[in-house]
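Shown next, in structure tokens, is the structure this report addresses.
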Amino acid sequence: MSTKADDTPTQDETWKDGDFEVISSDNVKFCIPTHLLQTASGEKRIELDASAATITALLRITSKGFLSFDEPPSTRKYREIVDLVNFVRKYDCEAAGNFLLFAARTAPDHTRDQAVIRLLILVFMDDKYLCAELFDKYSQRFEWLQGDASSVFRGSPYGLFAVIPFRYFWAMVAANVTDPDDLPIEYMGKRKAGLSSPGSRFLHYMAIAEKRDDLAAGAI
């Protein structure tokens with residue numbers, strides 16, 4: 001969505017001294033120093049299909065190397081993380097993408113939300129192998145995925161369920177990623193096959209999900 005010619009953008013209070021204007025999809029103007037932007041064109045103004053929240057988060061990364069994980073958990077917060085990752089991938093923002101991957105691999109604290117945000121970054125970077133690494137290192141942060149289906153859904157943050165691709169969610173639950181030691185009964189004979197860690201089990205079920213998605217797509 002672009003801004004209309006007769007609409008006057010709202011000036012962002014933090015970013016108002018730069019020589020390059022960025023207009024967000026919700027009609028907020030950011031005046032940004034050119035050296036913070038990956039642009040070689042002679043333009044001095046651009047309209048982006050990204051919200052002010054996404055642009056603000058990106059500018060925090062590029063200017064300060066900072067991404068806040070500390071806001072209270074909410075569907076809005078999770079969607080903003082997803083929008084940021086999608087923007088970084090769409091416009092091939094390499095430095096910001098590397099920063100997000102680095103941040104996602106740092107140790108989460110003991111709150112569920114810290115682990116959820118890191119997981120969302122890796123999921124929408126579409127890196128199932130780093131997701132598996134997260135489960136192997138910090139399986140205890142995902143204890144809300146343990147139990148029968150009803151308890152899993154009650155314990156899962158709705159904001160996560162609202163945005164995460166279903167194949168990832170299904171693979172996480174099916175793999176029992178919260179338990180680093182005990183295997184479901186069907187795994188007892190497969191320890192030697194390398195399915196004894198939460199990450200390896202997750203990758204196993206992801207492969208099943210991807211195969212079924214491919215079969216379903218071919219049937220349409």
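Numbering (the UniProt record's numbering), first residue to last: 1 to 220. We put the CB at the ideal spot given by N, CA and C, even for glycine. Given the structure is predicted, the values throughout are model-derived calculations rather than measurements.
Original post:
With distances taken between CB atoms, is the gap from Pro-157 to Tyr-78 smaller than 9 Å?
Top reply: Cβ distance < 9 Å, so Pro-157 and Tyr-78 count as in contact.
Original post:
Going by the beta-carbon positions, is the gap between Ala-209 and Ala-171 smaller than 9 Å?
Top reply: The answer is yes: Cβ separation under 9 Å.
Original post:
Ends of the alpha helix (DSSP H) at Val-28?
Top reply: First-last for Val-28: 28-32, but that is the beta strand (DSSP E), not the alpha helix (DSSP H).
**OP:** Return the chain-ordered list of same chain residues with a C-beta closer than 6 Å to the C-beta of Ile-23, the five sequence neighbours on each side being excluded.
**Re:** The residues are Thr-3, Pro-9, Lys-29 and Glu-47.
**OP:** Confirm, please, whether the CB-CB distance from Gly-159 to residue 229 is below 9 Å.
**Re:** Only positions 1 to 220 of the chain appear in the structure, and residue 229 is not among them; the question remains open.
**OP:** Would you give the residue range spanned by the beta strand (DSSP E) that Val-22 belongs to?
**Re:** In the DSSP assignment, Val-22 falls within the beta strand (DSSP E) that extends over 20-23.
Original post:
Got a sec? Which residues, its chain only, sit under 6 Å from Lys-192 by beta carbon, not counting five neighbours each side?
Top reply: Interpretation of Lys-192 is limited by its pLDDT of 49, a score under 50 that renders its predicted location unreliable; no figure is taken from the coordinates.
**OP:** Assign Ala-40 to buried or exposed, taking buried as 16 or more other Cβ atoms, counted over all protein chains shown, within 10 Å of its Cβ.
**Re:** Low local confidence applies: a pLDDT of 47 at Ala-40 is under 50, so the model's placement there is unreliable, with the coordinate-based value given in what follows. By the 10 Å Cβ count, Ala-40 comes out exposed.
**OP:** Return the CA-CA distance between His-204 and Ala-132, expressed in angstroms with no decimal places.
**Re:** Spanning the two alpha carbons is a distance of roughly 10 Å.
Subject >> Own chain residues within Cβ distance below 6 Å of Thr-54, not counting five before or after >> reply: Excluding its 5 nearest sequence neighbours in each direction, Thr-54 has C-beta neighbours in its own chain below 6 Å: Asp-83, Leu-84 and Phe-87, listed in chain order.
Original post:
Do Leu-134 and Ala-115 come within 9 Å of each other at the CB atom, strictly closer than that value?
Top reply: Cβ atoms of Ala-115 and Leu-134: closer than 9 Å.
Original post:
Between Lys-16 and Ile-32, what straight-line distance do the alpha-carbon atoms span, to the nearest angstrom?
Top reply: Looking at the two C-alpha atoms, the distance is approximately 7 Å.
**OP:** Flag this pair as yes or no: are the beta carbons of Asp-12 and Ala-57 separated by less than 9 Å?
**Re:** With a cutoff of 9 Å on beta-carbon distance, Asp-12 and Ala-57 are scored as not near each other.
Original post:
Under the rule that 16 or more other beta-carbon atoms within 10 Å means buried, what is Asn-98, buried or exposed?
Top reply: With fewer than 16 other Cβ atoms from the protein chains shown falling within 10 Å of its own Cβ, Asn-98 counts as exposed.
Original post:
If you follow the alpha helix (DSSP H) that Trp-170 is part of, which residue opens it and which one closes it?
Top reply: For Trp-170, the enclosing alpha helix (DSSP H) has its first and last residue at 166-174.
Original post:
What are the boundary residues of the alpha helix (DSSP H) that Asp-7 is part of?
Top reply: It is not in any alpha helix (DSSP H) - Asp-7 carries neither H nor E in the DSSP assignment.
Original post:
CB Leu-119 to CB Leu-67, shorter than 9 Å?
Top reply: It is not a contact, given that the beta carbons lie outside the stated cut-off.
**OP:** Grab me the residues of Gly-18's own chain with a C-beta within less than 8 Å of its C-beta, minus the 5 sequence neighbours each way, in chain order.
**Re:** Taken in chain order, the residues that qualify are Phe-30, Cys-31, Ile-32, Pro-33, Thr-34 and Leu-36.
Original post:
Name the DSSP beta bridge partners of Glu-133, please?
Top reply: Looking at the DSSP assignment, Glu-133 forms no beta bridge with any residue, so it has no partner.
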